[in-house]
Amino acid sequence: MPIHEKNDNITFNFIIGTKAQFIKTIPVINEFLKSGKKVKLYDLKQHSETTSNLREKIIGKYIYIELSKNKINLGTYSNLILWFFKTIIKIIFYPDKNIKSIIASCMVIHFRLFLEVFL
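Under my numbering, the first residue of the sequence shown is numbered 237, with each subsequent residue one higher.
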């Protein structure tokens, strides 16, 4: 029989890329917050303008971290490709404390984002 430990110190990290992914993840984030869990939201900023507005639908306090300096919705394949390579290079070669924090903690990640980034 498994032993269940209560650990209120766990922070759940959500890594957001696309607006569709964010829309689907908001109810999950709200449930975590409603149940008193600590949440960090990492935004890869593919759709910066849209996700900025969508964050208003999150109910509760959470930590928000931008992993990209992008300020616009990418919109075109060329912008997406450029964003992708900039982001991958930053993650691999210049990881800051936020990237290291993601690696060293519990993550909740959308499966499609996992496929896009890691495969």
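The C-beta atom is built at its ideal place from N, Cα and C for all residues, glycine as well.
This structure is a prediction, so every number in the text was calculated from the model and none was measured.
How long is the line joining the alpha carbons of I259 and Y278, rounded to whole angstroms? 14 Å
Leaving out the 5 sequence neighbours to the left and right, which residues in its chain are closer than 6 Å to L303 when beta-carbon positions are compared? Y278 and L280
V275 to Y313, Cα distance in whole Å? 31 Å
First through last residue of the beta strand (DSSP E) which encompasses N249: T247 to I252
Boundaries of the alpha helix (DSSP H) in which L277 is found, first to last residue: It is not in any alpha helix (DSSP H) - L277 instead sits in the beta strand (DSSP E) that spans K274 to D279.
For E292: DSSP bridge partner residues: E292 is not bridged to any residue.
Which residue marks the beginning of the alpha helix (DSSP H) containing Y313, and which one marks its end? Y313 to F329
Restricting to Cα atoms, I'd like to know which of K255, I246, I262 and G253 is closest to I294. I262
Is K255 near T287, with beta carbons less than 8 Å apart? yes
Which value, in whole angstroms, describes the spacing of the CA atoms of T323 and I252? 13 Å
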